[in-house]
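Remarks on the structure that follows.
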Amino acid sequence: MARDHDHQPDAPRPPRAPQHPPRARRRRLTAASLALGALTAVLYTAVPEPPAAEAAGKPLGHDISSHQGAVDWRDVRAKGGRFVYVKATESDWYRNPHFSRQYRGARKAGILRGAYHFGVPNASSGTAQARHFLRHSGGWKPDGRTLPPALDIEHNPYHPQQACFGMSGAALVRWIRGFSNEVLRQTGRRPVIYTTARWWNGCTGGSRAFAATHPLWLANWHSTPGKLPAGWAYPSFWQYANHGALPGDQNKWNGTAAQLRRFARG
Numbered sequence: 013m014a015r016d017h018d019h020q021p022d023a024p025r026p027p028r029a030p031q032h033p034p035r036a037r038r039r040r041l042t043a044a045s046l047a048l049g050a051l052t053a054v055l056y057t058a059v060p061e062p063p064a065a066e067a068a069g070k071p072l073g074h075d076i077s078s079h080q081g082a083v084d085w086r087d088v089r090a091k092g093g094r095f096v097y098v099k100a101t102e103s104d105w106y107r108n109p110h111f112s113r114q115y116r117g118a119r120k121a122g123i124l125r126g127a128y129h130f131g132v133p134n135a136s137s138g139t140a141q142a143r144h145f146l147r148h149s150g151g152w153k154p155d156g157r158t159l160p161p162a163l164d165i166e167h168n169p170y171h172p173q174q175a176c177f178g179m180s181g182a183a184l185v186r187w188i189r190g191f192s193n194e195v196l197r198q199t200g201r202r203p204v205i206y207t208t209a210r211w212w213n214g215c216t217g218g219s220r221a222f223a224a225t226h227p228l229w230l231a232n233w234h235s236t237p238g239k240l241p242a243g244w245a246y247p248s249f250w251q252y253a254n255h256g257a258l259p260g261d262q263n264k265w266n267g268t269a270a271q272l273r274r275f276a277r278g
């Protein structure tokens with residue numbers, strides 16, 4: 013994800029001052045072939061896609077946070093940006109001070125937009141963090157312009173030696189389930205899960221509990237999506253670079269523009 017650089021806390025639970033926490037660095041992952049198929053019927057429909065090397069026409073997008081500040085959305089549109097995820101919240105205390113302007117600006121430019129939350133599982137429950145997120149992210153509505161909420165769950169940026177937040181795989185699975193259930197209760201959609209294969213397979217114990225019902229947003233900064241988190245056969249979104257023509261991190265949707273619009277509608 014795009015990162016907020018200004019503040020490096022010394023404890024797992026940062027102070028409640030309106031500062032900008034850092035973003036975790038992505039672990040390197042082994043490149044491999046992309047497994048593709050029909051997307052999960054519960055959430056959206058799509059047709060099988062060709063290998064990544066043949067998929068040059070897939071819609072491009074990006075993700076941003078407070079670090080990007082004011083965004084020139086007309087320029088984003090002109091450069092091919094068709095969707096964006098905007099960081100709304102982190103843990104149960106942080107709010108992106110630029111979120112509303114970034115979120116509204118994307119919509120005015122005709123760009124599909126969604127909100128994401130950076131989870132800090134050792135700070136408070138998944139349910140509590142989902143409620144904080146939904147209070148400050150605009151939720152979700154089936155308007156065809158709003159992507160479902162997303163959960164960013166990855167390497168602990170506050171204590172690099174505790175990549176899994178000092179929690180067991182079972183505890184992390186319970187935390188993610190609590191977050192997901194609250195998002196579903198309030199919005200009617202399961203969240204997209206953003207993660208890396210290395211973090212997921214190592215920290216959740218390779219849990220397969222979410223793959224059937226949660227779209228995957230895979231982070232792997234290589235020429236192909238590579239290895240996947242346990243349970244998923246393909247990513248719905250692929251974050252393939254941390255910089256490029258669009259502000260923030262660079263992403264692709266694994267399908268057509270029409271399928272992306274259907275996905276947004278739910």
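Read left to right, the sequence shown gives residues 13 to 278 (my numbering). Glycine included, each C-beta is placed from N, C-alpha and C at the ideal position.
- Task: Could you tell me which of Asp164, Ala100 and Phe249 sits nearest to Ile188, measuring between CA atoms?
- Result: Along the sequence shown, read from residue 1 onward, the residue named residue 188 stands at position 176. Closest option to Ile188, Cα to Cα, is Asp164.
| query | In chain order, what residues of the same chain have a beta carbon less than 7 Å from the beta carbon of Leu124, not counting five sequence neighbours either side? | reply | Position 112 of the sequence shown, counting from 1, holds the residue named residue 124. Result list for Leu124: Arg94, Phe95, Arg157, Leu159, Leu272 and Ala276, in chain order.
- Query: On the three-state DSSP scale, how would you describe Ile188?
  - Reply: Residue mapping note: residue 188 aligns to position 176 of the sequence shown, counting from 1. DSSP places Ile188 in helix when its eight states are reduced to three.
Measure how close the beta-carbons of His79 and Leu258 come, nearest whole angstrom, since I'm counting them as under 8 Å. In the sequence shown, counting from the first residue as 1, residue 79 sits at position 67. In the sequence shown, counting from the first residue as 1, residue 258 sits at position 246. That belief does not hold up - the Cβ atoms of His79 and Leu258 are roughly 14 Å apart, past 8 Å.
At the level of alpha carbons, what is the spacing between Ser103 and His171? Along the sequence shown, one-based indexing puts residue 103 at 91. Along the sequence shown, one-based indexing puts residue 171 at 159. Each residue's alpha carbon lies about 15 Å from the other.
Who are the Cβ neighbours of Phe130 in its own chain at under 6 Å, not counting the five residues just before and after it? Working through the sequence shown from its first residue, we reach residue 130 at position 118. If we look at Phe130 and ignore the five residues flanking it on each side, its Cβ neighbours are Glu102 and Asp164.
Mapping the DSSP letters down to three states, classify Arg274 as helix, strand or coil.
As a working mapping, residue 274 is identified with position 262 in the sequence shown. Note: Arg274 maps to helix in three-state DSSP.
Can you look up Ala177 in the DSSP assignment and give me helix, strand or coil? Walking along the sequence shown from the start, residue 177 turns up at place 165. Looking at the sequence itself, residue 177 is Phe, so the reference to Ala does not match. Here Phe177 sits in coil by DSSP.
Cβ pair count under 8 Å reaching 3, the stretch 139 to 147 against the stretch 172 to 186: no
Determine the burial state of Asn263: buried for a count of at least 16 other Cβ atoms within 10 Å of its Cβ, exposed for fewer.
Reading the sequence shown from its first residue, position 251 is the one you call residue 263. Buried.
Does the pairing of the stretch 108 to 120 with the stretch 131 to 138 give three or more beta-carbon distances under 8 Å? no
Q.
List, from N- to C-terminal side, the beta strand (DSSP E) runs of 3 residues or more that fit wholly inside the stretch 72 to 136.
A. 72 to 76, 93 to 102 and 124 to 130
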